[in-house]
Amino acid sequence: MSDTSAATTPAPDKNSSDELSRLNDELQAAEGRIMQLELALLQSRDFAIGAAAEANETPILRAKFAESQRLLADANEHIRSHLAHIARLEELVADLLKLEATNKALRAQIEGLRSSASWRIGRAVLLPLRIIKRILR
Amino acid sequence: MAHWSGGAFAVKNHQAHFEIAVVRPKFSIITPVFNPPHDAFEKCVESVYAQGFEDWQWCLVDDKSTDPRVAQRLRELQVLDRRIVVYFRSENGGIVAASNDALSLATGEFVVLLDNDDELHADALIEVAKAIETDPEVDYIYTDEDKITVGGEHYDEFKKPKWSPERLLAHNYCSHLSVIRRELVDNVGRFRDGFEGSQDYDLVLRVIDKTRRIIHVPKVLYHWRAVEGSTSIAVNQKPEAFVSATKAIKEHLSRNNVDAEVEEVKPYYLSRVKRQLKQKPKISIIIPTCGTKKSIFGVETCLVVNAVESIERKTSYKDFEIVVVADTHTPPEVLTELARVSPAHLRVVIYDKPFNFADKCNLGVVNSTAPFFVLLNDDTEVISGDWIEVLLGHLQEPDVAVVGPMLLLEDGRIQSAGHSHTPHPHNFYNGRSSKELGEIGILKVARECSGVTGACMMIKRSAYFEVGGMSNTFPLSFNDVDLCFKLLDRGYRIIWTPFARLFHFETASRPNVSTAKELELITNRWGDRIFSDDYCRIQ
Chain H
143 MSDTSAATTP APDKNSSDEL SRLNDELQAA EGRIMQLELA LLQSRDFAIG
193 AAAEANETPI LRAKFAESQR LLADANEHIR SHLAHIARLE ELVADLLKLE
243 ATNKALRAQI EGLRSSASWR IGRAVLLPLR IIKRILR
Chain P
52 MAHWSGGAFA VKNHQAHFEI AVVRPKFSII TPVFNPPHDA FEKCVESVYA
102 QGFEDWQWCL VDDKSTDPRV AQRLRELQVL DRRIVVYFRS ENGGIVAASN
152 DALSLATGEF VVLLDNDDEL HADALIEVAK AIETDPEVDY IYTDEDKITV
202 GGEHYDEFKK PKWSPERLLA HNYCSHLSVI RRELVDNVGR FRDGFEGSQD
252 YDLVLRVIDK TRRIIHVPKV LYHWRAVEGS TSIAVNQKPE AFVSATKAIK
302 EHLSRNNVDA EVEEVKPYYL SRVKRQLKQK PKISIIIPTC GTKKSIFGVE
352 TCLVVNAVES IERKTSYKDF EIVVVADTHT PPEVLTELAR VSPAHLRVVI
402 YDKPFNFADK CNLGVVNSTA PFFVLLNDDT EVISGDWIEV LLGHLQEPDV
452 AVVGPMLLLE DGRIQSAGHS HTPHPHNFYN GRSSKELGEI GILKVARECS
502 GVTGACMMIK RSAYFEVGGM SNTFPLSFND VDLCFKLLDR GYRIIWTPFA
552 RLFHFETASR PNVSTAKELE LITNRWGDRI FSDDYCRIQ
């Protein structure tokens, strides 16, 4: 056998190693891609399961919401009746204040009358009569 | 001699039942009788007559009581009510023989096991009947129970978990009140000689070989009388009962082809089932990290290096890989140090996105290759050398998807004994002493739970992929709670075991705060389930 075979040997080796390196790169890229797909798969499944779980909870939440709305309506009605009651009380207070003012004016009138000269003269005139009355009693 | 029938309870006129005598009543109450304390037996009688549900038959078997008042009282009861059937044994045969004689008298659809000094709650039969209505095919019903003193004071309420077969292998947590379909009791061969003291445990273990139609009624419907010499006071009052229990567990495992040893958890008279590994597959240990340093045991330590070093130094299991998912800003010297402490097992994956714990775990999982993997926080340290064997043992069961260990804080207190959702998601027994027994031994037995912390959980890869792994929706908190709910929803069991221990230097690597947004999201997904827990009903 001539030496030509030895001379040509390095060429296929280099090709093989290039090919191996290329295949390795491809393999790594494929593995990376698989991992990405696995991650995407995990995420998709989680979204699906999460959505289904939320869907299961929706009627319960709706029922709770309806119950909350009913409670809110009750509370609003309660507040309305309270406000009406407060308004009635305020009216009564206003009436009371008016009466108090009238009362005050009348008291002032009476005080005025009592401190007048004619009242005092009358009291003085009637003093002996009051004393006799007290003795007789 | 005192006359027994003159007790506090006077039997009411039940002649009405003579006309409506039922051929096949719903319930046959089974009570072997042997020299019961007078007052306790009268209370027992009273409790049966107090039942709101009246379609019952009471099968009493006197096991040759030496106290003549017992036979006299039983005869009276038999005459007064046709629903009461009494058999007098000619010789004392023990609890098993007497119970089997009582079963021979039974004609009801279900048998109700009642001891001669205990009491039924007035609603016991009605509540059980309601449970049967929800699933007419049910075979076995058990309820909560409490203990009652001779003076009638109630204590030690046992809020039992929902059906927990793993826990049942540690102790007969179902115990009282147990109601079993009579046909099934007959099929499995009734009570067995040689299991005295644990004959009911043995019966239940044989019943569950045949059925999984089991209902737990979460109400105290049975009051177990604490009398001297009873196991209601302490299990060690009847050590022979524990021997029978161990035998019953071993036979149950053997019938179900589970290769395991049964060890005693001393001094509590609890059992540990130590499964032999059928195979020793490769395990991936996935550790998300950013190379944080903290003071541990007073020494400034790189958490992930410490965790990996402890795995390498202490783990007895040989075939594992460690996948460290490191943030881009992890100091290069940390990665160098990791390569030094774990030259043969380590693989580093770089995470180049904003922090998301769930996403980091998922990246680690897709970069791992094993059929079982551990999600492990970097602020952990292995304590038990056989931690992988212990966790993997449970995952051999086809319906178990996740197993979590006992996690301890730096000072030895409990960081997590599984999750509990009562009244909100939290680490069970957090901050309590690891030496505690816990309610009815809950800290000393492997048991089912609603979840375990993501700080350390071993997961079956197939189950993880089936439910879409950890949800990126929860970047910081609740990702483990959500994962466990997804698995439970698919019928998987989650096990927590105290027999594998690790340190978890909680929140050493990141703050333990959940955002309002995450709480809203988890509530939207799982509703009220995150605020109540059928496995852990203890507050």
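Residue numbers (our numbering), protein chains in the order written: chain H, 143 to 279; chain P, 52 to 590. All C-beta atoms in this analysis are idealised placements derived from N, C-alpha and C, irrespective of residue type, glycine included. Owing to the predicted nature of the structure, the values given are computational and were not obtained by experimental measurement.
Given this structure, state the Cα-to-Cα distance separating residue i from residue j, to the nearest angstrom.
i	j	result
residue 216 of chain H	residue 222 of chain H	10 angstroms
residue 464 of chain P	residue 456 of chain P	14 angstroms
residue 95 of chain P	residue 150 of chain P	17 angstroms
residue 238 of chain P	residue 578 of chain P	42 angstroms
residue 278 of chain H	residue 271 of chain H	11 angstroms
residue 74 of chain P	residue 266 of chain P	Legend: pLDDT at residue 74 of chain P = 48, less than 50; position of this residue unreliable, value from coordinates given subsequently. Cα to Cα, residue 74 of chain P sits roughly 26 angstroms from residue 266 of chain P.
residue 263 of chain H	residue 253 of chain H	16 angstroms
residue 102 of chain P	residue 205 of chain P	19 angstroms
residue 332 of chain P	residue 323 of chain P	23 angstroms
residue 250 of chain H	residue 257 of chain H	10 angstroms
residue 167 of chain H	residue 178 of chain H	16 angstroms
residue 305 of chain P	residue 380 of chain P	53 angstroms
residue 610 of chain P	residue 232 of chain P	The question about residue 610 of chain P has no answer here: the residues shown for chain P are numbered 52 through 590.
residue 260 of chain H	residue 267 of chain H	10 angstroms
residue 80 of chain P	residue 320 of chain P	29 angstroms
residue 312 of chain P	residue 175 of chain P	37 angstroms
residue 518 of chain P	residue 510 of chain P	12 angstroms
residue 355 of chain P	residue 512 of chain P	23 angstroms
residue 247 of chain H	residue 238 of chain H	14 angstroms
residue 269 of chain P	residue 210 of chain P	7 angstroms
residue 158 of chain P	residue 295 of chain P	29 angstroms
residue 330 of chain P	residue 543 of chain P	21 angstroms
residue 501 of chain P	residue 557 of chain P	21 angstroms
residue 70 of chain P	residue 177 of chain P	Its pLDDT being 41, under 50, residue 70 of chain P is placed unreliably by the model, and the measurement read from it follows with that caveat. Going from the Cα of residue 70 of chain P to the Cα of residue 177 of chain P covers about 22 angstroms.
residue 138 of chain P	residue 85 of chain P	12 angstroms
residue 183 of chain P	residue 215 of chain P	19 angstroms
residue 109 of chain P	residue 98 of chain P	12 angstroms
residue 441 of chain P	residue 360 of chain P	20 angstroms
Tell me residue i's beta-bridge partners as DSSP assigns them.
i	result
residue 46 of chain P	The first residue shown for chain P is 52 and the last is 590, placing residue 46 of chain P beyond what the model contains.
residue 426 of chain P	P:337 and P:508
residue 484 of chain P	P:464
residue 351 of chain P	P:346
residue 498 of chain P	P:547
residue 371 of chain P	P:334
residue 432 of chain P	P:554
residue 478 of chain P	P:470
What residue range is occupied by the uninterrupted beta strand (DSSP E) comprising residue i?
i	result
residue 89 of chain P	Per DSSP, residue 89 of chain P belongs to no beta strand (DSSP E); it is in the alpha helix (DSSP H), 89-100.
residue 402 of chain P	397-402
residue 108 of chain P	107-113
residue 605 of chain P	Nothing about residue 605 of chain P can be read from this structure; chain P reaches only from 52 to 590.
residue 136 of chain P	135-139
residue 456 of chain P	451-459
residue 78 of chain P	78-84
Residue range of the alpha helix (DSSP H) that residue i falls in?
i	result
residue 412 of chain P	408-417
residue 216 of chain P	216-219
residue 390 of chain P	383-392
residue 155 of chain P	145-156
residue 443 of chain P	438-446
residue 119 of chain P	119-131
Looking at the ligand GDP, does it come within less than 6 angstroms of residue i, judged from the CB to the closest heavy atom?
i	result
residue 267 of chain P	Because no ligand of any kind appears in the structure shown, any question about the ligand GDP cannot be addressed here.
Would you say residue i reaches chain B, if we count a Cβ-Cβ gap shorter than 7 angstroms as a contact?
i	result
residue 411 of chain P	Absent from the structure is chain B; the protein chains it does hold are H and P.
- Query: Of the residues that make up the region 508-524 of chain P, which ones have a beta carbon closer than 9 angstroms to any beta carbon in chain H?
  - Reply: Correct list: 515, 516, 517, 518, 519, 520, 521, 522, 523 and 524.
- Item | Residues, ordered as in the chain, of the region 563-590 of chain P that lie near chain H by beta-carbon distance below 7 angstroms | Of all residues in the region 563-590 of chain P, 575, 576, 577 and 578 have a Cβ within less than 7 angstroms of some Cβ in chain H.
- Message: By the 8 angstroms beta-carbon criterion, what residues does the region 186-197 of chain H contribute toward chain P?
- Response: Those would be 186, 187, 188, 189, 190, 191, 192, 195 and 196, in chain order.
- Along the chain, which unbroken stretches of the alpha helix (DSSP H) at least 4 residues long are found entirely within the region 525-583 of chain P? Within the region 525-583 of chain P, the complete alpha helix (DSSP H) runs of at least 4 residues are 530-540 and 567-577.
- Near-chain P residues of the region 201-215 of chain H (beta-carbon distance less than 8 angstroms), N- to C-terminal order: Residues of the region 201-215 of chain H with a Cβ closer than 8 angstroms to any Cβ of chain P, in chain order: 202 and 203.
- Message: Ignoring anything shorter than 4 residues, give me the alpha helix (DSSP H) runs that lie fully in the region 221-263 of chain H, in order along the chain.
- Response: With a minimum length of 4 residues, no continuous alpha helix (DSSP H) run stays inside the region 221-263 of chain H.
- Query: Along the region 168-185 of chain H, what residues have a CB closer than 7 angstroms to any CB found in chain P?
  - Reply: Cβ contacts with chain P come from 177, 180, 181, 184 and 185.
- Query: Which runs of the alpha helix (DSSP H) spanning at least 4 residues fall entirely within the region 252-338 of chain P, listed in chain order?
  - Reply: Every alpha helix (DSSP H) of 4 residues or more that sits fully in the region 252-338 of chain P is shown, in chain order, as 290-306.
- With 8 angstroms as the limit, tell me which residues of the region 536-552 of chain P have their beta carbon closer than that to any beta carbon of chain H; keep them in chain order. Identification of residues in the region 536-552 of chain P having a C-beta nearer than 8 angstroms to some C-beta of chain H yields 536, 537 and 540, given in sequence order.
- Task: Identify every run of the beta strand (DSSP E) within the region 159-214 of chain P, keeping only runs that are complete inside it and at least 3 residues long; order them along the chain.
- Result: Fully enclosed beta strand (DSSP E) runs of 3 or longer: 161-164, 191-199 and 205-209.
- Task: Scan the region 237-249 of chain H for residues whose Cβ lies nearer than 8 angstroms to a Cβ of chain P and list them as they occur along the chain.
- Result: Within the region 237-249 of chain H, no residue has its Cβ closer than 8 angstroms to any Cβ of chain P.
- the region 417-439 of chain P: positions lying closer than 8 angstroms to chain H by Cβ: For the region 417-439 of chain P, residues whose beta-carbon sits nearer than 8 angstroms to a beta-carbon of chain H comprise 417 and 418.
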